[in-house]
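The sequence shown begins at 5 in this note's numbering and counts up one residue at a time.
A quick write-up on the structure given underneath.
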Amino acid sequence: MKKLNNNINHLISTDDMSQELIIKIFDTAESFLEIGQRDIKKVPLLRGKTVCNLFFENSTRTRTTFEIAAKRLSADVINIDIPTSSQSKGESIFDMVDNLIAMGTDIFVIRHSEAGIPKKISNHVDVGIHVINGGDGSNAHPTQGLLDAFTIRKYKKHFSGLTIAIVGDIQHSRVAKSEISVLSALGTKEIRVIGPESLMPNNINELKVKVFNTIEDGLKDVDVIMMLRIQKERMNNNTIPSESQYFESFGLTQKRLQIAKKDALVLHPGPINRGVEIDSEVADGKQSVILNQVKFGIAIRMAVMIMMVNKKT
Ligand code: CP
Numbered sequence: 005m006k007k008l009n010n011n012i013n014h015l016i017s018t019d020d021m022s023q024e025l026i027i028k029i030f031d032t033a034e035s036f037l038e039i040g041q042r043d044i045k046k047v048p049l050l051r052g053k054t055v056c057n058l059f060f061e062n063s064t065r066t067r068t069t070f071e072i073a074a075k076r077l078s079a080d081v082i083n084i085d086i087p088t089s090s091q092s093k094g095e096s097i098f099d100m101v102d103n104l105i106a107m108g109t110d111i112f113v114i115r116h117s118e119a120g121i122p123k124k125i126s127n128h129v130d131v132g133i134h135v136i137n138g139g140d141g142s143n144a145h146p147t148q149g150l151l152d153a154f155t156i157r158k159y160k161k162h163f164s165g166l167t168i169a170i171v172g173d174i175q176h177s178r179v180a181k182s183e184i185s186v187l188s189a190l191g192t193k194e195i196r197v198i199g200p201e202s203l204m205p206n207n208i209n210e211l212k213v214k215v216f217n218t219i220e221d222g223l224k225d226v227d228v229i230m231m232l233r234i235q236k237e238r239m240n241n242n243t244i245p246s247e248s249q250y251f252e253s254f255g256l257t258q259k260r261l262q263i264a265k266k267d268a269l270v271l272h273p274g275p276i277n278r279g280v281e282i283d284s285e286v287a288d289g290k291q292s293v294i295l296n297q298v299k300f301g302i303a304i305r306m307a308v309m310i311m312m313v314n315k316k317t
């Protein structure tokens with residue numbers, strides 16, 4: 005991510021984000037939460053601006069919450085339906101972007117199965133046009149990493165005292181990568197990654213995390229458990245034996261939750277595969293903050309867009 009006087013131009017990754025900037029995003033998001041409680045959930049801060057959602061990969065939460073966030077800020081929102089767009093006639097993504105800029109787009113939110121596409125588009129567009137990575141391959145999902153840490157801050161406050169475990173398919177998860185960089189920048193006491201060796205990235209030892217290959221060892225004394233979905237769409241072989249065997253070894257059950265601290269939070273970015281990585285009893289239980297992640301995601305996305313457009317915020 006490029007830092008411009010601690011403001012945001014494009015949001016491609018959280019890897020080089022300062023703690024100061026992350027806290028500024030969180031504080032701005034905090035001020036937007038209240039808008040979601042109003043009868044008329046709208047402020048005019050992005051009136052006259054156009055946000056374009058370009059999702060080349062499926063999404064429920066990210067695309068919808070970006071749309072809601074932009075509409076709460078009074079922006080105009082365009083959702084391009086990729087399967088019915090002229091991409092099917094051979095138009096390149098750069099030509100598509102140029103045409104959408106000609107139509108007045110100010111902010112692009114881009115999701116793509118290929119890592120690096122949002123970065124390439126951010127290099128392509130002119131000054132004044134902003135690009136947000138809505139998830140690129142297994143690379144990064146910056147607003148998810150931010151909203152997950154923001155959710156933790158709502159309940160736990162001081163990252164310097166927290167042990168946080170990320171459980172599951174670390175290798176294919178762009179969410180895990182963004183979570184690790186945000187939690188590291190925030191000074192988290194200990195970040196653990198838990199999962200089978202076959203689902204750990206090759207560079208795991210370069211990251212500032214502790215690796216556990218059994219969930220029973222990894223969950224001891226943790227304050228926060230962040231579950232991940234198995235990303236079957238990014239696997240080209242049978243990396244895991246079967247869903248039932250995976251659940252047997254790494255699924256979060258009520259019994260396993262009791263290994264963590266009594267007040268441990270349970271997070272999941274969604275979509276959930278119940279009975280694969282998490283039991284319904286836990287997903288819907290009182291320690292789960294999964295639906296609050298979704299709600300807080302709107303405020304985080306409002307904050308990011310406003311900080312891009314209004315550099316004085
Ligand atoms: N968390 C997340 O990215 O969900 P979607 O795929 O539904 O956007």
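For every residue, glycine included, the Cβ atom is placed at its ideal position computed from N, Cα and C.
query = Looking only at its own chain, which residues have a Cβ that is under 8 Å from the Cβ of T69, when we skip the five neighbours before and after it?
reply = Counting from one through the sequence shown, the residue named residue 69 turns up at place 65. The answer, listed in chain order, is V298, G301, I302, R305.
key: Member of G40, S90, K123, T18 whose CA lies at the smallest distance from the CA of I72   = As a first step, residue 72 must be located in the sequence shown, where it is residue number 68. Among G40, S90, K123, T18, the Cα nearest to that of I72 is on G40.
message = Give me the residue from P273, D225, V280 with the minimum Cα distance to K265.
response = Here residue 265 refers to the residue found at position 261 of the sequence shown. Residue D225 is the option with its Cα nearest to K265.
Backbone CA spacing between K46 and E194 [nearest angstrom] = The residue you call residue 46 lines up with position 42 of the sequence shown. The residue you call residue 194 lines up with position 190 of the sequence shown. Rounded to whole angstroms, K46 to E194 spans 39 Å at the Cα level.
task = Mind the definition here: the segment 255–269 touches the segment 282–298 only if three or more C-beta pairs lie below 8 Å; say whether that holds.
result = yes
query = How should L335 be labelled, buried or exposed, when 16 other C-beta atoms within 10 angstroms of its C-beta is the threshold for buried?
reply = Outside the displayed span of the chain (5 to 317) sits residue 335, for which this structure offers no information.
ask   = Candidates T155, I114, L150: which alpha carbon is nearest N137's?
value = Numbered from 1 along the sequence shown, position 133 holds the residue referred to as residue 137. The shortest Cα separation from N137 among T155, I114, L150 belongs to I114.
ask   = Is any heavy atom of the ligand CP found at a distance shorter than 7 Å from the C-beta of S164?
value = Working through the sequence shown from its first residue, we reach residue 164 at position 160. No, the ligand CP has no heavy atom inside 7 Å of this Cβ.
request  = Below 6 Å CB to CB, which residues in the same chain sit around T192 once its five sequence neighbours on both sides are set aside?
outcome  = Position 188 of the sequence shown, counting from 1, holds the residue named residue 192. The residues are F163, L166, I168.
inquiry  = Can you confirm whether I136, when its beta carbon is compared against all beta carbons of chain B, has any partner nearer than 8 Å?
reply    = Here there is only one protein chain, and chain B is not present.
Backbone CA spacing between V129 and R278 [nearest angstrom] = What you label residue 129 is simply residue 125 of the sequence shown in a count that begins at 1. What you label residue 278 is simply residue 274 of the sequence shown in a count that begins at 1. If I take the Cα positions, the gap works out to 41 Å.
ask   = Can you list, in chain order, the residues of its chain whose CB lies under 7 Å from that of I282, leaving out five sequence neighbours each side?
value = Taking the first residue of the sequence shown as 1, we reach residue 282 at position 278. The answer, listed in chain order, is M231, G255, L256, H272, I276.
request  = Closer than 6 Å by C-beta to T323: which residues in its own chain qualify, once you throw out the five before and the five after it? Chain order, please.
outcome  = In the structure displayed, the chain extends from 5 to 317; residue 323 sits before or after that span and is not available.
message = Taking the alpha-carbon of F30 as reference, which of G274, L151, V81 has the nearest alpha-carbon?
response = Position 26 of the sequence shown, counted from the first residue, corresponds to residue 30. Measuring from the Cα of F30, the nearest candidate turns out to be L151.
task = Tell me, to the nearest whole angstrom, how far the beta carbon of F251 is from that of V270; I am working on the premise that it is less than 8 Å.
result = Counting from one through the sequence shown, the residue named residue 251 turns up at place 247. Counting from one through the sequence shown, the residue named residue 270 turns up at place 266. Not confirmed; about 16 Å, so no contact.
query = If you drop the 5 nearest sequence neighbours on each side, which residues of the same chain put their C-beta closer than 8 Å to that of E220?
reply = If you number the sequence shown from 1, residue 220 lands on position 216. Counting only Cβ-Cβ distances below 8 Å, and skipping sequence neighbours, we find R260, I263.
ask   = Hey, how far is the Cα of I84 from the Cα of A307?
value = As a first step, residue 84 must be located in the sequence shown, where it is residue number 80. As a first step, residue 307 must be located in the sequence shown, where it is residue number 303. One C-alpha to the other measures close to 23 Å.
message = What does the Cβ neighbour count give for P87, buried or exposed, with the cut at 16 atoms within 10 Å?
response = The residue labelled residue 87 in the question sits at position 83 within the sequence shown. Classification of P87: exposed, given that the 10 Å Cβ count is below 16.
query = Does the Cβ of S78 lie closer than 7 Å to at least one heavy atom of the ligand CP?
reply = For the purposes of this step, residue 78 is identified with residue 74 of the sequence shown, where counting begins at 1. Not under cutoff, so the answer is no.
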